[in-house]
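Using mature numbering (1 follows the signal peptide of the UniProt record, and there is no 0), the letters of the sequence shown map in sequence onto residues -25 to -1, 1 to 295.
Even for Gly, the Cβ is constructed at its ideal location relative to N, Cα and C.
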Amino acid sequence: MMAAGAAALALPIAAGMVAPTLATAAPTHGPVLRAPAGGFEELMVPSTMGPIKVQVKWASQGGDAALYLLDGLRAKDDRNAWSDPAEGDGPGIFANDNITLVMPVGGQSSFYADWYSPSNTNGQKYTYRWETFLTRELPDFLAGYGVSRTNNAIAGLSMGGSAALALAAYHREQFKHASAFSGYLNISAPGMREAIRIAMLDAGRFNVDSMAAPWSPAWLRMDPFVFAPQLKGLPMYISAASGLPGPYDQPNSAVGVFNTGNAVVLEALSMVNTRAFQARLGQLGIPAHFDFPGAGTHSWRYWHDQLMNARPGILAALNA
């Protein structure tokens, strides 16, 4: 399964995205204090990586709570797929809720981490600093719009799922709830680093060794299985389906059949990782809400449904 997963991770599937370049428009400076009720806006946020586009759906009643939504390995440079009604549709799911959705754009293959160096396999000119951006630069910027630095939740799919748990674990003062959908939650298991290596080379020719050296402290810091003790007391929603085709898997072409096959393998690999993580939390006596649907593949409409299922817990944790 690890070998098949490595191959499938490297292939564009229904959930996949094209290689990004970070937004380069001039950043917005000095926003006035505001929280536009219910509206949608795209902000350019200064960072050490350059200006980053962030799509925002403001809280329906001007509240200060926020949900950060993280994209997958093939994150695009023009939009976060959670903002797309045909994919994650976060704004539709939370349309009437008093919570702001924060959807950063870009970060392909980043795992939303602070990297060791620029990737040396694709000529990257800067070092990824996504943890710094999401936990310091972006919250500071959004505070000027009336968004709380401390009353937040975070959710992500696949790459973004493990990243959501990591960011919540190390920044408990910022995040009160974390959700991981089809995440890879045991990345130090045999074969997983090489599967991730192949996937990252395919998704923008990024080098996993530039992110973190093999089994170094930086690598282990990213592994939910390793940092699990730091999740104690954090409300969590975690899911992975069986990989068996479900209601959203109805390919009508050879390409569709091929993509569905890849999505089957990816989801099965995620399910194995997630089951191991569930056992790990059980050993530690840490509760979490787990959902393992009997059917479903590694694709967006299933993640849309999982975000809908996670919604009540997110709103309750933030009192939104």
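- As the crow flies, the alpha-carbon of G166 is around 47 angstroms from that of Q36.
- Residue state for N227 is assigned as coil, using DSSP reduced to three classes.
- Here the C-alpha atom of E17 lies approximately 15 angstroms from the C-alpha atom of K51.
- Fewer than three Cβ pairs drawn from the segment 54 to 67 and the segment 142 to 158 lie within less than 8 angstroms of each other, which leaves the two stretches out of contact.
- Considered as a whole, the segment 218 to 266 harbours 264 to 266 as its complete beta strand (DSSP E) runs of no fewer than 3 residues, in chain order.
- Shown here for Y159: same chain residues with a beta carbon closer than 8 angstroms to its own, the five before and five after excluded, namely S133, M134, G136, S137, M167, I171, L244, S245 and N248 in chain order.
- The alpha-carbon of F116 is positioned some 10 angstroms away from that of S22.
- Using a 10 angstroms sphere on the CB of Q258, the tally of other CB atoms stays under 16, which defines it as exposed.
- By the C-beta density criterion, M283 is exposed, having fewer than 16 other C-beta atoms within 10 angstroms.
- Of G47, E242 and P26, the smallest CA-CA separation from A130 is found for G47.
- Between the C-alpha atoms of A270 and T107 there is a straight-line separation of about 37 angstroms.
- The beta carbon of A155 sits closer than 7 angstroms to the beta carbons of G131, G136, S137, A139, L140 and I213 from its chain, once the five residues preceding and following it are set aside; these are given in chain order.
- Between the segment 224 to 243 and the segment 190 to 199 there are fewer than three C-beta pairs closer than 8 angstroms, too few to call the two in contact.
- G119 has its alpha-carbon roughly 43 angstroms from the corresponding atom of D224.
- Looking at the DSSP output, V77 bridges to V31 and Y43.
- Across the set A251, D53, K207 and A292, the C-alpha of D53 shows the shortest separation from the C-alpha of G81.
- Around the beta carbon of P210, a 10 Å sphere encloses 16 or more other beta carbons of the protein chains shown; the residue is thus reported as buried.
- If you keep only unbroken beta strand (DSSP E) runs of at least 3 residues inside the segment 89 to 146, you get 127 to 132.
- In this structure, F15 lies near P66, with their beta-carbon atoms less than 8 angstroms apart.
- In the same chain as L256, and ignoring 5 residues on each side of it, the C-beta atoms closer than 7 angstroms to its own belong to A203 and A263, in chain order.
- Here M283 carries a helix assignment [DSSP, helix/strand/coil].
- A distance below 6 angstroms between beta-carbons, with the five flanking residues on each side excluded, links V183 to the following residues of its chain, in chain order: I171, R172 and M175.
- With contacts defined by Cβ atoms closer than 8 angstroms, V201 and S157 do not form a contacting pair.
- For L18, the secondary structure class from DSSP, reduced to helix, strand or coil, is strand.
- Rounded to whole angstroms, the Cβ separation of K32 and T75 is 7 angstroms, and the two are in contact under 8 angstroms.
- A check of alpha carbon separations from W105 across G25, V122, N73 and A215 identifies G25 as the nearest.
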